[in-house]
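Participant: I'd like to ask some things about the structure below.
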Amino acid sequence: MGTVSDVRREQRRWPEIEEARRPMEVKTKMDKPVDVKRWRRAVSAVLAAVVVTSPPLVILLGGRGFRAPGVWIQTAMAGLRKGSSNDPSLHHRTARHGDRLLGGLLVDGFDEESCHSRYQSSAYRRNPGRRPSPYLVSKLRLHEALQRRYIVSLPYQGLGNRILAAASAFLYALLTGCVLLIDPSDGMDGLFCEPFLGATWLLPPGFPVAGYASFTNGTAETYGNMVRNKVIGADAAETPAFAYVYLHSDASAHDKSFFWDEDHQRLLRRIQWLVMRTDNYIVPGLFLAEAFRGELDAMFPEPDAVFHHLGRYLFHPNNHVWGLVTRYHDAYLAGAAQRVGIQVRVFGAQPDSPELLEQITSCTQKDKLLPEVLATGEPMPMPPPPRAKSTKAVLVTSLKPWYHEQLKSMYWEHAAATGEVVSVHQPSHEGYQRFGVESHDRKAWAEIYLLSLADALVTTSQSTFGYVAQGLAGVRPWVMYKPAGDGATTVPPDPPCGRAASMEPCFFAAPNYNLWKEQWLDASAVVPHVQRCADFAWGGLMLVGRNE
Numbered sequence: 077m078g079t080v081s082d083v084r085r086e087q088r089r090w091p092e093i094e095e096a097r098r099p100m101e102v103k104t105k106m107d108k109p110v111d112v113k114r115w116r117r118a119v120s121a122v123l124a125a126v127v128v129t130s131p132p133l134v135i136l137l138g139g140r141g142f143r144a145p146g147v148w149i150q151t152a153m154a155g156l157r158k159g160s161s162n163d164p165s166l167h168h169r170t171a172r173h174g175d176r177l178l179g180g181l182l183v184d185g186f187d188e189e190s191c192h193s194r195y196q197s198s199a200y201r202r203n204p205g206r207r208p209s210p211y212l213v214s215k216l217r218l219h220e221a222l223q224r225r226y227i228v229s230l231p232y233q234g235l236g237n238r239i240l241a242a243a244s245a246f247l248y249a250l251l252t253g254c255v256l257l258i259d260p261s262d263g264m265d266g267l268f269c270e271p272f273l274g275a276t277w278l279l280p281p282g283f284p285v286a287g288y289a290s291f292t293n294g295t296a297e298t299y300g301n302m303v304r305n306k307v308i309g310a311d312a313a314e315t316p317a318f319a320y321v322y323l324h325s326d327a328s329a330h331d332k333s334f335f336w337d338e339d340h341q342r343l344l345r346r347i348q349w350l351v352m353r354t355d356n357y358i359v360p361g362l363f364l365a366e367a368f369r370g371e372l373d374a375m376f377p378e379p380d381a382v383f384h385h386l387g388r389y390l391f392h393p394n395n396h397v398w399g400l401v402t403r404y405h406d407a408y409l410a411g412a413a414q415r416v417g418i419q420v421r422v423f424g425a426q427p428d429s430p431e432l433l434e435q436i437t438s439c440t441q442k443d444k445l446l447p448e449v450l451a452t453g454e455p456m457p458m459p460p461p462p463r464a465k466s467t468k469a470v471l472v473t474s475l476k477p478w479y480h481e482q483l484k485s486m487y488w489e490h491a492a493a494t495g496e497v498v499s500v501h502q503p504s505h506e507g508y509q510r511f512g513v514e515s516h517d518r519k520a521w522a523e524i525y526l527l528s529l530a531d532a533l534v535t536t537s538q539s540t541f542g543y544v545a546q547g548l549a550g551v552r553p554w555v556m557y558k559p560a561g562d563g564a565t566t567v568p569p570d571p572p573c574g575r576a577a578s579m580e581p582c583f584f585a586a587p588n589y590n591l592w593k594e595q596w597l598d599a600s601a602v603v604p605h606v607q608r609c610a611d612f613a614w615g616g617l618m619l620v621g622r623n624e
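Numbering (this note's numbering), first residue to last: 77 to 624.
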């Protein structure tokens, strides 16, 4: 396992880090080529984020041993200005291109052939989405000027968790002036386009700390343990070179003090290597941190649109995934007057549930998202001429095909009471979630994106898959509540679903206890637009609009 002493030894072999403080003296030639294939074999599937404070750096990575020579920082510096968007001409192009740049969220200048989705996606959306604040746009342009040639990620758990964790780490990097790096393990490089102009966000070899696969909340260098043992803080003899911020679902109160203590946030900026591991969307916790509140309020005057902006900025399907999206959309969804997305989160071992099917139909029909159907033998209204018929296309995403089949049969075997034509489609049904399988993740990412193109969304409670879709879509979904029961039997909830207060994801492992004040806190009393999640009320927090 890499230790603080290991890091200090490696620092003496990484002189390029110090050179990053002097951007005008950047070296532009690598001493040794990077062996990318060897790197990919070397990384593993543990989520982390690493912050370098000289220069600041955030890395979301996994890790077996990182033992390649430390040459990549020097290479990164060569691209320091290549990705800069401080060129005034970029701002003029932003104004001319309008929607394809999402109100200035994106910049012009990318090779469009390398990533079709970046500038085409707006043409597939009927909902134009929220406009980013001018301050957020300016922060992004300044942050792009900081980017080196490498910005990397392989987050932890399923694809939804990984996307939300990467977005959270990026926002922390934006707040602290750090560079984000994402570990390419688990095929993250096979899903997304590069988000930064003139730079890659995939971590190259050379990171000096080994042993991430064995890091836990018991690791001595965790932020929580260092606070507990006074290794960090006013009483510490010296500032450590390395810290591990553990914000996983089972994080302790000491770990979560990361969000409450302004003095320690200042100290964290002085630590050269900061590793962050989380499977959560920690953004609501950052709003609780007094150190960040002013910046966040300026960047996000609409706090219920944080992931909406970050997601559309960072996550663009690569050309393979974009092909899956556009071909399916054009074949089955494009001609419909209304598109309704239904995300059904079930696991492979769970039996098909008539109760859940009833919940789906009750929710969609009660809230007029889909029409009721006539019973067999019930008189049918005179159908309108073909061209006058209203059409609805229903996109179902689920690991299992049964729910799609039942809905499709219902609208084929029975006429809609409104006379509408309803078609039901499901792109795939993989049966089981397959962690680390690239073809599975590509289909999952395509289906998340297809859901985000819907006009109305119905999602499953506590699903990160649904959270990502609703955030990209910029819509508040109807959330199907978790049924009551003991596991053997379930009772459909009444009401079956409810409109979410916000399109923001829920932070499941939220910091509800302030260690320094030794008291449980109501987050809404600290920040009114941070509220309890309706679908995870016993501990989750979410961002809502300022007037909610």
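Here a beta-carbon is modelled for each residue, glycine too, at the ideal position from N, C-alpha and C.
Just so it is clear, the structure is predicted and the values come from calculations on it, not from any experiment.
Report the three-state DSSP secondary structure of CYS254 (helix, strand or coil).
Facilitator: In this structure, CYS254 counts as coil in the three-state DSSP scheme.
Participant: Near HIS490, which residues of its chain fall below 8 angstroms by C-beta distance, leaving aside the five closest residues on each side in sequence?
Facilitator: If we look at HIS490 and ignore the five residues flanking it on each side, its Cβ neighbours are VAL449, LEU450, ALA451 and THR452.
Participant: Since TYR322 and ASN293 should fall inside the 8 angstroms C-beta cutoff, what is the C-beta to C-beta distance between them, to a whole number of angstroms?
Facilitator: About 5 angstroms separates the two Cβ atoms, so the contact holds.
Participant: Return the residue from the list ILE239, LEU250 and ALA245 that minimises the CA-CA distance to ASP265.
Facilitator: The residue with the shortest Cα to Cα distance from ASP265 is ILE239.
Participant: So VAL382 is in the alpha helix (DSSP H); what residue range does that whole segment cover?
Facilitator: Start and end: 382–390.
Participant: Using only alpha-carbon positions, find the residue among ASN305, ALA312 and TYR357 that is nearest to SER325.
Facilitator: It is TYR357.
Participant: Excluding the five sequence neighbours on either side, which residues of its own chain have a C-beta within less than 6 angstroms of the C-beta of GLU514, listed in chain order?
Facilitator: Cβ neighbours of GLU514 beyond the five flanking positions: GLY263 and GLY266.
Participant: Considering LEU450, what are the terminal residues of the alpha helix (DSSP H) in which it resides?
Facilitator: Segment: none, LEU450 is in no alpha helix (DSSP H) and carries neither H nor E.
Participant: Compare the Cα-Cα distances from GLY417 to each of LEU400, VAL603, THR440 and GLY399 and report the closest residue.
Facilitator: That would be THR440, whose Cα lies nearest to the Cα of GLY417.
Participant: Which same chain residues end up closer than 6 angstroms to PRO447 when comparing Cβ atoms and leaving out the 5 residues on each side of it in sequence?
Facilitator: The residues are ALA492, ALA493, THR494 and GLU496.
Participant: Taking 8 angstroms as the cut-off, does the region 497–512 touch the region 538–554 (at least 3 CB pairs, one atom from each stretch)?
Facilitator: With the cut-off at 8 angstroms, the region 538–554 and the region 497–512 do not touch.
Participant: Helix, strand or coil: which one does DSSP assign to CYS439?
Facilitator: DSSP places CYS439 in helix when its eight states are reduced to three.
Participant: Using the Cα positions of THR437 and SER466, report the straight-line distance between them to the nearest angstrom.
Facilitator: One C-alpha to the other measures close to 19 angstroms.
Participant: Hey, PHE583 and GLY361: beta-carbon distance below 7 angstroms or not?
Facilitator: A contact, by the Cβ cut-off of 7 angstroms.
Participant: From which residue to which residue does the beta strand (DSSP E) around ALA412 run?
Facilitator: No beta strand (DSSP E) contains ALA412, which DSSP labels as neither H nor E.
Participant: Hey, would you say PRO568 sits closer than 7 angstroms to TYR557, going by beta carbons?
Facilitator: For PRO568 and TYR557, no; Cβs fall outside 7 angstroms.
Participant: Please state whether DSSP places TRP478 in a helix, a strand or coil.
Facilitator: If DSSP states are grouped into helix, strand and coil, TRP478 belongs with the helices.
Participant: Which first and last residues belong to the beta strand (DSSP E) in which PHE318 is found?
Facilitator: PHE318 -> beta strand (DSSP E) spans 318–322.
Participant: Where does SER190 fall in DSSP's three states?
Facilitator: Three-state result, SER190: helix.
Participant: Report the rounded CA-to-CA distance for ASP598 versus ASP311, giving the unit in angstroms.
Facilitator: So the alpha carbons of these two residues sit roughly 30 angstroms apart.
Participant: DSSP three-state call for THR354: helix, strand or coil?
Facilitator: The answer is coil: DSSP assigns THR354 none of H, G, I, E or B.
Participant: Decide yes or no for the touch test of the region 467–482 against the region 403–419: beta carbon pairs closer than 8 angstroms, at least 3 of them.
Facilitator: Flag = yes, the region 467–482 and the region 403–419 touch.
Participant: Taking 8 angstroms as the cut-off, does the region 359–373 touch the region 327–335 (at least 3 CB pairs, one atom from each stretch)?
Facilitator: Segments in contact, yes.
Participant: For VAL498, which three-state DSSP category applies?
Facilitator: Correct three-state label for VAL498: strand.
Participant: Within the same chain, show all residues whose beta-carbon is closer than 8 angstroms to that of GLY615, passing over the 5 residues directly before and after it, in chain order.
Facilitator: Cβ neighbours of GLY615 beyond the five flanking positions: PHE584, ALA585, ALA586 and ASN588.
Participant: Distance, Cα to Cα, PHE268 vs PHE391?
Facilitator: So the two alpha carbons sit approximately 6 angstroms from each other.
Participant: As a quick exercise: from ARG194, CYS254, TYR200 and ASP611, pick the residue whose alpha carbon is nearest that of TYR404.
Facilitator: If we check each option's Cα against that of TYR404, TYR200 comes out closest.
Participant: Express the C-alpha separation of GLU189 and THR473 in angstroms, rounding to a whole number.
Facilitator: C-alpha separation (whole angstroms): 29 angstroms.
Participant: What distance in whole Å lies between the Cβ atoms of TYR389 and LEU181, which are believed to be in contact at a cut-off of 8 angstroms?
Facilitator: Contact flag correct, Cβ pair sits at about 5 angstroms.
Participant: Buried or exposed: where does ARG202 fall if 16 or more other Cβ atoms within 10 Å of its Cβ makes it buried?
Facilitator: ARG202 should be labelled exposed.
Participant: Would you grab the beta carbon distance between GLN419 and ALA549 for me? Rounded to a whole angstrom, and I think it's under 8 angstroms.
Facilitator: GLN419 to ALA549, Cβ: 11 angstroms. No contact.
Participant: In chain order, what are the residue ranges of uninterrupted alpha helix (DSSP H) at least 4 long that sit wholly in the region 522–576?
Facilitator: The region 522–576 contains these whole alpha helix (DSSP H) runs: 540–549.
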